[in-house]
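Worksheet: the structure to be examined is printed underneath.
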Amino acid sequence: MPTFLHPLLLWGLAIVAAPVLIHLINLLRHRRVDWAAMEFLRVSRKKHRTWVLLKQWLLLLLRMLAIAAIVLIVARPLWKRQWGGLFGERKTHHIVLLDDSYSMSDRWADTSAFARAKRVVERIGAEAARQGQAEFTLLRFSRAAYSPLPLGEGPGVRAEFSEKSPSSSPHPNPLPKGEGVQPDFLREPADNGFREKLDAVLRKIDVSQSGAGPAETLVTLNEVLGQLEDRRRILYLISDFRTRQWNDPAEVKKLLGRWQAAGAEIHLVNCVDRARPNLTLASLAPETGIRAAGVGWFMGVAVTNNGAAPARNVTVFLEEDGRRRPSVQLAEIPSERTARTRFYATFSAPGWHRITARLESDAVEADNQWFFAFRLPSDLPVLLIDGDLRAPDARFLKWLFASEGLARTGLRPEIELPRILDRKPLAEYAAVNLANVDRLDTAAVQALENYVREGGGAAFFLGEPCETGFYNRQLYRNGRGLFPLPLRGPAELIVDRLEVAPDVQTGEHFLFRNFAKSRNNFLQSVNVQRYFASADGWEPPADGSVRVLARLRNGDPLIVEKRFGRGRVVAMLSSLAPTWNDWATNPGGAIVLLDLQGYLSQGRTRDVPRQVGSPLEVVLDPARYRPQVTFVVPRSPRSTKMTTIPVDAVASKGGKLSAVLPDAGRSGYYEAQLKEIGGGEETQLYAYNVDPAEGNLAVVDQPGLAQRLQGLNYRYAPAGLFQTNDRAVQGDRLWELILYLLIALLIGEQLLAWSASYHPRSVGQVGNLSHISPGGAP
Amino acid sequence: MPAPGRHLTDVKRFLDPQAIKRIARLDLRARTVVEGFLSGLHHSPYFGQSVEFRQHRQYTYGDDLRYVDWKVWAKQDRYYVKQFEEDTNLRCTLLCDVSNSMRYGAGPLNKYEYACTIAACLAYLLLRQQDAVGCTAFDDAPRMLVPQRTKRNHLDAILQALDNCSPRNKTDLSQILRSAAENFPRRGLMVLISDLLVDREGLFQGLRLLRSRGHDLLVFHVMDDDELDFPFSGPTRFNDLETPEHLRCNPRALREGYLNALNAYLEEVRRGCTRHQVDYLLLRTRQPLDTALAAFLSHRLGRERG
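Quick mapping for you: the protein sequence lines, in order, are chains D and X. Per numbering that gives the first Met the number 0, the first sequence starts with residue 0, numbered consecutively. Per numbering that gives the first Met the number 0, the second sequence starts with residue 0, numbered consecutively.
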């Protein structure tokens, strides 16, 4: 059956009647001539009447056919090979991989990369529908990346999903059990109603906030389709070909190579013409410090300039709990660099809070905002283990940390004896400080190590009671324990006091940031008389796990830090109380001690960055909460009402319950509404952000792509110039045949018109003087 | 009623000064023996007063003694008289077709006007050489008959007659030629000026009859350029000038057939004229008359002398 690319133009076939109309009009408008030589006309007419009439009708027919042919050519008819399958012709399977990562929202003029991509998909679908007997598969990058299908080669996210996805998933687009990836179309027959279906899907889908790339999509596609397919396969990869994903496309090249080896044709369609400048919010995170109600801390914000020119006077708009607060400004961000600034944040009330940063609108919108949600405690509990009740060290710390003073520290110190270390749940504490602890039993050491390994922070202050042997054997354990260094024993700091020099020399570290480049450095006035010297010849290991933060005047370490598991340990090799030094009485020392608590507690209060596409898992205590969680997801720009998703929690590790929201596909704040068994309700807040790296809009041009995909046979086309010029895609182009027919018709028409008309011979003329005919003589 | 002066001017419109100027130096001579009534340029069938001796004849009673050849009497003692050739003038009849078909003309002159111009020029030429000229305008019957005269002012009568005959009716040439043969029994020059859109058989019968009576015949076949070239295009309705018939056609489609039929007709006429020893000249109405007439007369004169 012939179909037409532009069926509306078939109305132009009415023009076919034009020659007939012209003929009729001419008949009405004939000239009148009074004529003498009628007999020759009559003879001519009698002789040629039949042939002339035949030629005239034929001429009229040819002209009508020529007009019809022109109209048909303009309407672009195609001949579907509906019967091709009967003669062994293979069907065509059109596989479209559509990049819907948020860089595809790159917009310019009145279009965007994704809009162009959708038009290309629409064109491919239309061609497939015209072709008939074709199949169509459409898989978006984001769908492939978020799929709950367990895949061997796929990214870990999907494997995680498969494990945690509840069987009765209340996902808004519930995935059939065991079906895995749900492309928008999977081997959909491109029949009569296909174009309407495709239009409906294309209207519905929009660019996602995913940063998914082509590699995982190709892997997913292999799993979905399998390799055995007795069809002609055409793979269309419609993307923006950003440098980030195509700079080292070894994996993609390998996967595409498999498709090529399997006989598939590969089309790469680029939807952007050039890289446009784009500012990206790279991060919004609290700096290290104590975060508690009523205590201020600094929030760091980073903006990346993905443009070729420096960006000046970049304003970052800020909101705290939905209320606007003074914005911060970055004077200049060099090209392809990230600039950072910070602002002071204070929340008086404990509980869940949110801070949102936004940039002004630019080419890509998704990376212009960053969400940060956190739970603010009223106080951070800090454990003080006092090894010597007679010494004032712990009491001094408690006094320092207590918030009864003029300034709120946000700390809630508790003084305990060393023996409670294995009896109390240390996880409740933001930091553990051990002062003058001479020894600990094995269980306490184990509990302390577990605490630090899980992200806790511990600080040691060494005084007279401390036993060198215990520290070396039990806590240091040749570097395997949590203590940073082996000790030699207490030592006097023997220096020339007449020589003007600070006893304590600090390096660059968070703890001493307040004194860096300061003219009035309080720490320079600290005097140290006695300390625990490190073992002879000890040097920090080369792996960087141990750092010396401060040294004494004689070069011996005074403050040493060690990373242990996910936590950190800081050892001050002198007393806390002003017995071996006057650190405690120095204003700078108090500041360092307070910052030390914030530094140690960072592991416990660390915010988990959540990226769009990763699942949202809420772990519940079954003794406290009911096994249902209602998730409130961010509204999409199109949606006007809030979307809530109830999820049943299932048993998880450690006797806990786990409720998972598998598809956190949008950036923003997600609420998890928990119901307590006692009847109360609790709302937890989680912030999801896009992958800022996707905001880099640098593109790989065609030569660059050719270089990177060398050896791969593919067709490349910009979206605007993309044509499904494959004959199998379009069906037979009937209009080419009609074009030849038209040429033949026009030639025939000219020949017939020539023969139906009269053309005088060039020589001889009737009635010249040669017609003098002499009569002969009689 | 037109003023006399104006009438004269209208009448003389058939006298083409250019044509007159070109043919004035030429003679129109009868190629055959003609019977005139004055001495002139043409051979007479009668014996008369001339310098050219023809024969001797035995004297009979009543012969004029002035013609007795006394030298023969002295030698043979018999009376013989000398007879001489007589030169006479020409009696020419101009047969001018003024039927309706002569009305056609797309150029400056239609066929009727062109034919009248030919007739006027010939009449002027003949009268200038003292020949007698008469004129018959005809369609299906003689419409105007001007007797043969030699007077110079006879030209006016001929012109007047031609001018009064506006084209109408059909042509019946066989009847006209037969009538001419009967009306002009003495041998002379007959000049037929027509488009010859008639029955060929009747035409040739008439020509044959005139030739059998001893007349010298000239046929001026006047055709319009359109009739010879048929340049029409586009749907056209052709209305017959002599009948109520009409024909609707695409002229370009019929042109080849038309011209074939026309050429066959012209060839037939030319052959018929040749067969009956009739001088024939086909004239186009857009063709300058002086050139055609001068060429024709020169050609005829050349053959006469040769």
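For every residue, glycine included, the Cβ atom is placed at its ideal position computed from N, Cα and C.
Just the C-alpha distance for GLU681 (chain D) and ALA658 (chain D), rounded to the nearest angstrom, thanks.
Residue mapping note: residue 681 (chain D) aligns to position 682 of the first sequence, counting from 1. Residue mapping note: residue 658 (chain D) aligns to position 659 of the first sequence, counting from 1. Here the C-alpha atom of GLU681 (chain D) lies approximately 15 Å from the C-alpha atom of ALA658 (chain D).
Starting from the beta carbon of PRO234 (chain X), find every residue of chain D whose beta carbon is closer than 8 Å, and list them in chain order.
Sequence index remark: in the second sequence, residue 234 (chain X) carries index 235 (1-based). Correct list: ASN25, LEU26, ARG28, HIS29, ARG30.
Nearest-angstrom Cα separation, counted from THR314 (chain D) out to ALA348 (chain D):
Position 349 of the first sequence holds residue 348 (chain D). Position 315 of the first sequence holds residue 314 (chain D). One C-alpha to the other measures close to 28 Å.
To the nearest whole angstrom, what separates the beta carbons of ARG353 (chain D) and PHE342 (chain D), a pair I think is in contact under 8 Å?
Sequence index remark: in the first sequence, residue 353 (chain D) carries index 354 (1-based). Sequence index remark: in the first sequence, residue 342 (chain D) carries index 343 (1-based). Wrong, their Cβ atoms sit about 15 Å apart, outside the cutoff.
Spatial neighbours of LEU572 (chain D) within its chain, please: CB distance less than 6 Å, with the 5 preceding and 5 following residues excluded, ordered by chain position.
Along the first sequence, one-based indexing puts residue 572 (chain D) at 573. So the list reads LEU461, TYR530, PHE531, LEU557, once near-sequence residues are dropped.
For PHE39 (chain D), list the residues DSSP reports as bridge partners.
For the purposes of this step, residue 39 (chain D) is taken as residue 40 along the first sequence, with counting starting at 1. BP columns for PHE39 (chain D) are empty, so no partner.
Applying the criterion that 16 or more other CB atoms from any shown protein chain within 10 Å of the CB defines a buried residue, is VAL499 (chain D) buried or exposed?
Walking along the first sequence from the start, residue 499 (chain D) turns up at place 500. VAL499 (chain D) should be labelled exposed.
The region 33–51 of chain D: which residues have C-beta closer than 8 Å to a C-beta of chain X, in chain order?
ASP33, TRP34, ALA35, ALA36, MET37, GLU38, PHE39, LEU40, ARG41, VAL42, SER43, ARG44, LYS46, HIS47, VAL51
For CYS91 (chain X), write down the residues that DSSP places opposite it in a beta bridge.
Counting from 1 along the second sequence, the entry for residue 91 (chain X) is found at position 92. X:VAL132, X:LEU188, per the DSSP bridge assignment.
Under the DSSP definition of a beta bridge, which residues are partnered with VAL95 (chain D)?
Sequence index remark: in the first sequence, residue 95 (chain D) carries index 96 (1-based). The partner list for VAL95 (chain D) (beta bridge, DSSP) reads D:LEU137, D:TYR235.
What residues of chain X sit near ALA65 (chain D), judged by a beta carbon separation below 7 Å?
Mapped onto the first sequence, residue 65 (chain D) falls at position 66. Those do not exist, as ALA65 (chain D) stays about 20 Å from chain X at its closest Cβ, beyond 7 Å.
Residues of its chain near PHE229 (chain X), where Cβ-Cβ distance is below 7 Å and the 5 sequence neighbours each way are ignored
Position 230 of the second sequence, counted from the first residue, corresponds to residue 229 (chain X). Same-chain partners within the cutoff: PRO250, ARG254, TYR257, LEU258.
For the region 663–737 of chain D, which segments carrying the beta strand (DSSP E) assignment without a break, of at least 3 residues, lie completely within its bounds, in sequence order?
667–675, 680–687, 714–717
Counting only runs that start and end within the region 99–174 of chain X, where is the beta strand (DSSP E) found for 3 or more residues in a row?
131–137, 141–148
Keeping to the same chain, check which residues put their C-beta closer than 6 Å to that of PHE184 (chain D); ignore five residues upstream and five downstream.
Here the question's residue 184 (chain D) lines up with position 185 in the first sequence. Counting only Cβ-Cβ distances below 6 Å, and skipping sequence neighbours, we find PHE135, THR136, LEU137.
Apply the 10 Å Cβ neighbour rule to LEU20 (chain D) and answer buried if 16 or more other Cβ atoms are within range, or exposed otherwise.
As a first step, residue 20 (chain D) is located in the first sequence; it is residue number 21 there, counting from the start. In the assembly as shown, LEU20 (chain D) is an exposed residue. Its beta-carbon has fewer than 16 other beta-carbons within 10 Å.
The region 215–228 of chain X: which residues have C-beta closer than 9 Å to a C-beta of chain D, in chain order?
Against chain D - using a Cβ distance shorter than 9 Å - the residues of the region 215–228 of chain X are ASP215, LEU216, LEU217, VAL218, HIS220, MET222, ASP223, ASP224, ASP225, GLU226, LEU227, ASP228.
Note down, in chain order, each residue of its chain lying with its Cβ closer than 7 Å to the Cβ of LEU738 (chain D), except the 5 sequence neighbours on either side.
Counting from 1 along the first sequence, the entry for residue 738 (chain D) is found at position 739. Here the set comprises ILE72.
With a threshold of 8 Å between beta-carbons, can ASN114 (chain D) be considered close to chain X, or not?
The sequence position of residue 114 (chain D) within the first sequence is 115, counting from 1. Residue 114 (chain D) is actually Ala in this sequence, not Asn. Not closer than 8 Å to any Cβ of chain X, the Cβ of ALA114 (chain D) fails to qualify, so no.
At the level of alpha carbons, what is the spacing between GLU226 (chain X) and GLN749 (chain D)?
Locating residue 226 (chain X) in the second sequence gives position 227, counting from the first residue. Locating residue 749 (chain D) in the first sequence gives position 750, counting from the first residue. Cα to Cα, GLU226 (chain X) sits roughly 28 Å from GLN749 (chain D).
Beta-carbon proximity list for ARG202 (chain D), same chain, < 6 Å, skipping 5 on both sides:
Here residue 202 (chain D) refers to the residue found at position 203 when the first sequence is read from its first residue. The answer is none, since no qualifying residue turns up.
I'd like to know if GLY187 (chain X) contacts chain D, where contact means its C-beta is closer than 8 Å to some C-beta of that chain.
Indexing the second sequence from 1 puts residue 187 (chain X) at position 188. Output row for GLY187 (chain X): interface = no.
Outcome for THR408 (chain D) when other beta-carbon atoms lying within 10 angstroms are tallied against a minimum of 16
The count along the first sequence starts at 1 and reaches residue 408 (chain D) at position 409. Per the 10 Å Cβ criterion, buried.
Starting from ALA755 (chain D), find everything on chain X with Cβ-Cβ shorter than 9 Å and list it in chain order.
The count along the first sequence starts at 1 and reaches residue 755 (chain D) at position 756. The CB of ALA755 (chain D) comes closer than 9 Å to the CB of ASN249, ARG251, ALA252 in chain X, given here in chain order.
DSSP-derived helix/strand/coil call for SER38 (chain X):
Mapped onto the second sequence, residue 38 (chain X) falls at position 39. Low per-residue confidence applies at SER38 (chain X): pLDDT is 48, beneath 50, and the placement is therefore not dependable, though the value from the model is reported in the following sentence. Looking at SER38 (chain X) - three-state DSSP - the assignment turns out to be coil, as it is neither helix nor strand.
Can you list, in chain order, the residues of its chain whose CB lies under 7 Å from that of ALA444 (chain D), leaving out five sequence neighbours each side?
Reading the first sequence from its first residue, position 445 is the one you call residue 444 (chain D). Rather than Ala, the amino acid found at residue 444 (chain D) in this sequence is Val. Taken in chain order, the residues that qualify are GLN473, LEU474.
Are the beta-carbon atoms belonging to GLN610 (chain D) and ASN688 (chain D) less than 8 Å from one another?
Here residue 610 (chain D) corresponds to residue number 611 of the first sequence, with the count starting at 1. Here residue 688 (chain D) corresponds to residue number 689 of the first sequence, with the count starting at 1. A contact, by the Cβ cut-off of 8 Å.
Any idea if MET101 (chain X) is buried or exposed, counting beta-carbon neighbours within 10 angstroms, 16 or more meaning buried?
Sequence index remark: in the second sequence, residue 101 (chain X) carries index 102 (1-based). Buried, by the Cβ-count rule.
With DSSP as the reference, identify every bridge partner of ARG142 (chain D), one or two as the case may be.
In the first sequence, counting from the first residue as 1, residue 142 (chain D) sits at position 143. Beta-bridge pairing links ARG142 (chain D) to no other residue.
With a cut-off of 8 Å, does the C-beta of ARG264 (chain X) fall near any C-beta of chain D?
Within the second sequence, the letter at position 265 stands for residue 264 (chain X). Arg is not the amino acid found at residue 264 (chain X); the sequence shown has Tyr there. At least one chain D Cβ lies under 8 Å of TYR264 (chain X).
Note down, in chain order, every chain D residue with its Cβ under 7 Å from the Cβ of ASP194 (chain X).
Position 195 of the second sequence holds residue 194 (chain X). Near ASP194 (chain X) (Cβ distances below 7 Å), the residues of chain D are ALA35.
In the structure shown, what three-state DSSP assignment does LEU265 (chain X) receive?
Residue 265 (chain X) sits at position 266 when you count from the first residue of the second sequence. Helix.
Taking only runs of the beta strand (DSSP E) that begin and end inside the region 444–485 of chain D, which ones reach a length of at least 3 residues, in chain order?
456–460
By DSSP, does ALA442 (chain D) sit in helix, in strand, or in coil?
Within the first sequence, numbered from 1, the residue matching residue 442 (chain D) stands at position 443. It is helical.
Do we get a CB-CB distance below 8 Å when we pair VAL33 (chain X) with the residues of chain D?
Counting from 1 along the second sequence, the entry for residue 33 (chain X) is found at position 34. Confidence in VAL33 (chain X) is poor, its pLDDT being 49 and thus under 50, which makes the residue's placement too unreliable to answer from.
Do the CB positions of SER574 (chain D) and ALA430 (chain D) come within less than 8 Å of each other?
Taking the first sequence and counting its residues from 1, the one referred to as residue 574 (chain D) is at position 575. Taking the first sequence and counting its residues from 1, the one referred to as residue 430 (chain D) is at position 431. It is not a contact, given that the beta carbons lie outside the stated cut-off.
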